[in-house]
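Novice: To start, I am sharing the structure in question, which I have written as structure tokens.
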Amino acid sequence: MRRYLWQAYRFYERKIAGARRIDGLVLDVGSGNSPFPRADVLAEKFLLDDSNRIWGRKPILAAPTVACDAERLPFRDGTFDFVVASHLLEHVDRPDRVMEELSRVGKAGYIECPDASYDKLDSPPYHRWFVQMRDGKLVFTQKDRAVFDPGIKDLTHKTLYKDGGFWSTFWRHLHSFFVMYWWEGSIDFEVHYLDHPDGRPGSAENSIFDDENWLEEHGFVVVEAEEGAPRSGLDQRLLEAFWKFLALVVRGPRPYPSVFDLVVCPLDRAELDKGGLADGESTGTLECTSCGKRYSVVEGIPYLLT
Ligand SMILES: [Zn+2]
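Counting from 1 along the sequence shown, just add 124 to a position and that's the residue number in my numbering.
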């Protein structure tokens, strides 16, 4: 019982209490299956591929959505007053590039990741980075293998996760299991890349994660969702209805913006020509007025992937 009370309290603390006080335009990057209820716009890369989400869950599209890459956000500088990135950065190839994008499109924001110690206990193979908070700075260390220790992971899943006492501890001490970081203006971070086996130093431009064979050999390639069946049908519709209700509670009556007023070309950040949009902005194409690249719009979602 105490476990559920703590879980509910942490949910309220993280998703509702502070969110209601945020003014202005809010973006959630990597919103996945748990969108920030205060978000005006959701940015999600994996609308069809569920392999990066716990139990292969489907994304919840509770607000206007843009399909895009967090390393190339299709928005102008300072478009958003607040940007949330929750349980995103441990998944990406280049967290430094993503954090530069977050602080480019946003004026302030919130980052949440599992703490490195917790990631060593559980080790989801789709996490690529150990994240720690050191002297008020976010420190990312590239993982050299997907599963830190198979024995510890097995023990965690077989015993701790099956024990309500563990979950009571987890939610009560959530600040030790998760890194929680608020920023304004800029993000203070350090990213440590692994050296290559041939001795070349790693960097955002020269990352071991560029090598698909290395990723596969080290267990990072997740072909299918880890366990359980993806939600679909009525389950999914009920979940979406729940998150939309939560958004209504948190956002109040403020209207959602049209994503078509906000997006630009992710390659050169030039204006997009909306002449190819039909059906009240729900399907068609957007064309960059500078580089000429065309992007599809399907069911109201622009696919601004490069
Ligand atoms: Zn362009």
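Positions of the beta carbon are idealized from the N, C-alpha and C atoms, including for glycine.
Could you give the residue range of the alpha helix (DSSP H) that holds Thr-280?
Specialist: Looking at the DSSP string, the run of the alpha helix (DSSP H) that includes Thr-280 is 274-282.
Novice: Taking only the alpha-carbon atoms, compute the straight-line gap between His-297 and Asp-334 and give it to the nearest angstrom.
Specialist: Answer to the nearest angstrom: the Cα atoms are 36 Å apart.
Novice: Identify, in the order they occur along the chain, each residue of the same chain with its Cβ nearer than 7 Å to the Cβ of Gly-400, setting aside the five sequence neighbours on each side.
Specialist: Excluding sequence neighbours, Gly-400 sits near Gly-408, Thr-409, Leu-410 and Glu-411.
Novice: Taking only beta-carbon atoms, is Arg-361 less than 8 Å away from chain B?
Specialist: Given the protein chain composition of this structure (a single chain), no chain B is represented.
Novice: Rounded to whole angstroms, what's the CA-CA distance from Asp-193 to Pro-426? Just pull it up for me.
Specialist: Those two C-alpha atoms are separated by around 12 Å.
Novice: Residue range of the beta strand (DSSP E) that Val-165 falls in?
Specialist: Val-165 -> beta strand (DSSP E) spans 165-168.
Novice: How big is the Cα-Cα spacing for Gly-352 and Ala-270?
Specialist: Note that Gly-352 scores 48 on pLDDT, short of 50, meaning its location in the model is unreliable; the coordinates nonetheless yield the value given after this. Answer to the nearest angstrom: the Cα atoms are 20 Å apart.
Novice: Does Pro-260 pass the burial test, meaning 16 or more other C-beta atoms within 10 Å, or should it be called exposed?
Specialist: The sequence given here has Gly at residue 260, not Pro. Looking at its Cβ environment, which holds fewer than 16 other Cβ atoms inside 10 Å, Gly-260 is exposed.
Novice: Please work out which residues of its chain come closer than 6 Å, Cβ to Cβ, to Ser-155, disregarding the five sequence neighbours upstream and downstream, and give them in chain order.
Specialist: So the qualifying residues of the chain are Leu-166 and Glu-168.
Novice: Under 6 Å, CB to any heavy atom of ligand 1. Which residues pass, going along the chain?
Specialist: Here the list is Cys-389, Leu-391, Asp-392, Ala-394, Cys-412, Ser-414, Cys-415 and Lys-417.
Novice: Could you tell me if Thr-430 is buried or exposed, where buried requires 16 or more neighbouring beta carbons within 10 angstroms of its beta carbon?
Specialist: With fewer than 16 Cβ atoms within 10 Å of its Cβ, Thr-430 is classed as exposed.
Novice: Pro-159: buried (16+ other C-beta within 10 angstroms of its C-beta) or exposed?
Specialist: Classification of Pro-159: buried, given that the 10 Å Cβ count is 16 or more.
Novice: Taking the alpha-carbon positions, what's the Trp-130 to Asp-397 distance?
Specialist: Spanning the two alpha carbons is a distance of roughly 49 Å.
Novice: For Leu-197, which residues from the same chain have a beta carbon less than 6 Å from its beta carbon, with the 5 sequence-adjacent residues on both sides left out?
Specialist: Around Leu-197: Glu-225 and Val-229.
Novice: For Ala-240, does the count of other Cβ atoms within 10 angstroms reach 16, so buried, or fall short, so exposed?
Specialist: Ala-240 should be labelled buried.
Novice: Cβ atoms of Cys-237 and Phe-170: under 8 Å apart, would you say?
Specialist: No, they are not a contact pair.
Novice: If you pair each beta-carbon of the region 248-267 with each one of the region 288-295, do three or more pairs fall below 8 Å?
Specialist: No, because fewer than three Cβ pairs between the region 248-267 and the region 288-295 fall closer than 8 Å, the two stretches do not touch.
Novice: What residue from Asp-152, Asp-243, Asp-268 and Val-150 has the CA that sits closest to Gly-326's CA?
Specialist: It is Asp-268.
Novice: Going along the chain, which residues of its own chain have a beta-carbon closer than 8 Å to the beta-carbon of Val-373, five neighbours each way excluded?
Specialist: Cβ within range, chain order: Ile-140 and Pro-161.
Novice: According to the Cβ coordinates, are Ile-147 and Ala-163 closer than 8 Å?
Specialist: The question names Ile, but residue 147 is Asp in the sequence shown. Not a contact, by the Cβ cut-off of 8 Å.
Novice: To the nearest angstrom, how far is it from the Cα of Pro-219 to the Cα of Asn-330?
Specialist: Straight-line Cα distance between these residues: approximately 14 Å.
Novice: Do Val-345 and Val-190 have their CB atoms nearer than 8 Å?
Specialist: Not in contact: Val-345 and Val-190 (Cβ atoms no closer than 8 Å).
Novice: To which residues of the same chain is Lys-432 closer than 8 Å at the C-beta, ignoring the five residues directly before and after it?
Specialist: Limits of the chain in this structure are 125 at one end and 430 at the other, which puts residue 432 out of reach.
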